[in-house]
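There are 2 protein chains.
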Amino acid sequence: AADTWRVHFGPSSAMAAVTSIMRAHQILLGQLDTLLRPHDLTFARYEALVLLTFSRTGSLALSRIGERLMVHPTSVTNTVDRLERAGLVRRVRNPDDGRGILAQITEKGREVVKRATDDLMAADFCLGMYGEPDLVHMFDLLRTIRVAAGDFPAPDETARSDA
Amino acid sequence: AADTWRVHFGPSSAMAAVTSIMRAHQILLGQLDTLLRPHDLTFARYEALVLLTFSRTGSLALSRIGERLMVHPTSVTNTVDRLERAGLVRRVRNPDDGRGILAQITEKGREVVKRATDDLMAADFCLGMYGEPDLVHMFDLLRTIRVAAGDFPAPDETARSDA
Numbered sequence: 019a020a021d022t023w024r025v026h027f028g029p030s031s032a033m034a035a036v037t038s039i040m041r042a043h044q045i046l047l048g049q050l051d052t053l054l055r056p057h058d059l060t061f062a063r064y065e066a067l068v069l070l071t072f073s074r075t076g077s078l079a080l081s082r083i084g085e086r087l088m089v090h091p092t093s094v095t096n097t098v099d100r101l102e103r104a105g106l107v108r109r110v111r112n113p114d115d116g117r118g119i120l121a122q123i124t125e126k127g128r129e130v131v132k133r134a135t136d137d138l139m140a141a142d143f144c145l146g147m148y149g150e151p152d153l154v155h156m157f158d159l160l161r162t163i164r165v166a167a168g169d170f171p172a173p174d175e176t177a178r179s180d181a
Numbered sequence: 019a020a021d022t023w024r025v026h027f028g029p030s031s032a033m034a035a036v037t038s039i040m041r042a043h044q045i046l047l048g049q050l051d052t053l054l055r056p057h058d059l060t061f062a063r064y065e066a067l068v069l070l071t072f073s074r075t076g077s078l079a080l081s082r083i084g085e086r087l088m089v090h091p092t093s094v095t096n097t098v099d100r101l102e103r104a105g106l107v108r109r110v111r112n113p114d115d116g117r118g119i120l121a122q123i124t125e126k127g128r129e130v131v132k133r134a135t136d137d138l139m140a141a142d143f144c145l146g147m148y149g150e151p152d153l154v155h156m157f158d159l160l161r162t163i164r165v166a167a168g169d170f171p172a173p174d175e176t177a178r179s180d181a
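Here the protein sequences line up with chains A and B, keeping their order.
Counting along the first sequence from 1, when you hit position 38 you're at 56 in the working numbering, and nothing is skipped either side.
Counting along the second sequence from 1, when you hit position 65 you're at 83 in the working numbering, and nothing is skipped either side.
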């Protein structure tokens, strides 16, 4: 039975693809965290800063950051705590929701994210072994599972769900 | 300057690809962990069990498990602790190295990994939205970064480094 299972299990393309995503993630995270250490950032904290940079007002509700980065509320709290202690974000009350808290990027935060991005760009985000077409293809392939999981809300959908 | 940077930063295919890998990983891990909960497994523990199943003797040094799954020694210790408490592996002394400890899969461990694999296969490892060619392509694309990071040691290389 073990042999039958092994024969059955061995050639699973889905398992191979899952394993590849897991391993690629671990490799990249380790390399990106190393690159970001001089900026006293991890990639998780860097991503939160980038998200704030790209928001219209430079601030987002903590719950929204969690949704967008698909991480647990506890992780968002830890991330924002660390960023706040480093003076890169501040917590402010949400003017549209008395109970809600926004994380707002500071000027120092904008400077740090710029310098960190320069370093990451110079290192090709640790993907320098790929040509442009492969990077685009990778994005396109992985887009399918992200769309299926509700990543990539259309801008007007976001507006509607916020209303 | 902010605009210049945004223009520069926006169209980075490498950043888009990195973000896709991070998000795909988080989506998959959440879904796989949910699927594995009835077996009292996480995907991390499941992967460790699978690795043991595929080893010749059903046992591997903890350091080797960490290398193969590219996780920190502390994580391996936690993983093996949890698996041992569930009766799925036992710790044994390495006969080739008096100081070393091996994790050895138990009969119960082999049964659980088989049942868990049946469930994961039935769910297409949460990648049912992809056809076979896309799965193969995904594996091939991600293989590049894994090879660059020293994943996929050739079998005879492993033997040599163990000697």
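Where a beta carbon is used, it is the ideal one built from N, C-alpha and C, also for glycine.
message: Would residue 119 of chain A and residue 80 of chain A qualify as a contact pair, given that the criterion is a beta-carbon distance under 7 Å?
response: For the pair residue 119 of chain A and residue 80 of chain A, the CB atoms are nearer than the 7 Å cut-off.
- prompt: Since residue 54 of chain A contacts residue 123 of chain A with CB under 8 Å, what's their CB separation in whole angstroms?
  reply: At roughly 16 Å, the Cβ-Cβ gap does not stay under 8 Å, so residue 54 of chain A and residue 123 of chain A are not in contact.
- prompt: Is any beta-carbon of chain B found at less than 7 Å from that of residue 145 of chain A?
  reply: yes
- request: Taking only the alpha-carbon atoms, compute the straight-line gap between residue 65 of chain B and residue 147 of chain B and give it to the nearest angstrom.
  value: 22 Å
query: Comparing alpha-carbon positions, which option in B:38, B:144, B:111, B:107 lies nearest residue 131 of chain B?
result: B:107
- request: For residue 142 of chain A, decide whether its Cβ has a neighbour in chain B, counting only Cβ atoms nearer than 7 Å.
  value: yes
- prompt: Taking the DSSP output, what are the residues bridged to residue 122 of chain A?
  reply: A:77, A:108
field: CB contact check: residue 150 of chain A to chain B, cutoff 7 Å
entry: yes
field: Euclidean distance between Cα positions of residue 26 of chain A and residue 137 of chain B
entry: The pLDDT assigned to residue 26 of chain A is 47, lower than 50, so where the model puts this residue is not dependable, and the model offers no usable value.
- prompt: Cβ of residue 67 of chain B within 7 Å of Cβ of residue 127 of chain B?
  reply: yes
- request: Check whether the Cβ of residue 146 of chain B lies closer than 6 Å to any heavy atom of the ligand ATP, and answer yes or no.
  value: For the structure depicted, the ligand ATP is absent and the ligand set is empty, with no information on it obtainable.
message: From the DSSP secondary-structure annotation, give me the bridge partner or partners of residue 158 of chain A.
response: Partner(s): none; residue 158 of chain A has no beta bridge.
field: Neighbourhood of residue 83 of chain B by C-beta distance below 7 Å, restricted to the same chain and skipping five residues each side
entry: 66, 69, 94, 121
- request: Identify the contact partners of residue 164 of chain A in chain B, using a Cβ-Cβ distance below 8 Å as the criterion.
  value: 38, 41, 42, 45
query: What is the residue span of the alpha helix (DSSP H) that residue 148 of chain A lies within?
result: Residue 148 of chain A -> no alpha helix (DSSP H), and no H or E assigned at all.
message: Between residue 169 of chain A and chain B, is the shortest Cβ-Cβ distance under 7 Å, so that the two count as touching?
response: yes
task: Starting from residue 59 of chain A, follow the alpha helix (DSSP H) in both directions and report where the run begins and ends.
output: Residue 59 of chain A -> no alpha helix (DSSP H), and no H or E assigned at all.
query: What in chain A is Cβ-close to residue 154 of chain B, meaning under 9 Å?
result: 31, 34, 35
field: Pair within 7 Å by beta-carbon distance, residue 153 of chain B and residue 166 of chain A
entry: no
query: Does the distance from the CB of residue 109 of chain B to the CB of residue 63 of chain B come in under 7 Å?
result: The answer is no: Cβ separation not under 7 Å.
message: What does the alpha-carbon distance come out to for the pair residue 1 of chain A and residue 149 of chain A?
response: There is simply no residue 1 of chain A to check, as chain A begins at 19 and stops at 181 in what is shown.
Cα-Cα separation between residue 162 of chain A and residue 41 of chain B, rounded to whole angstroms: 11 Å
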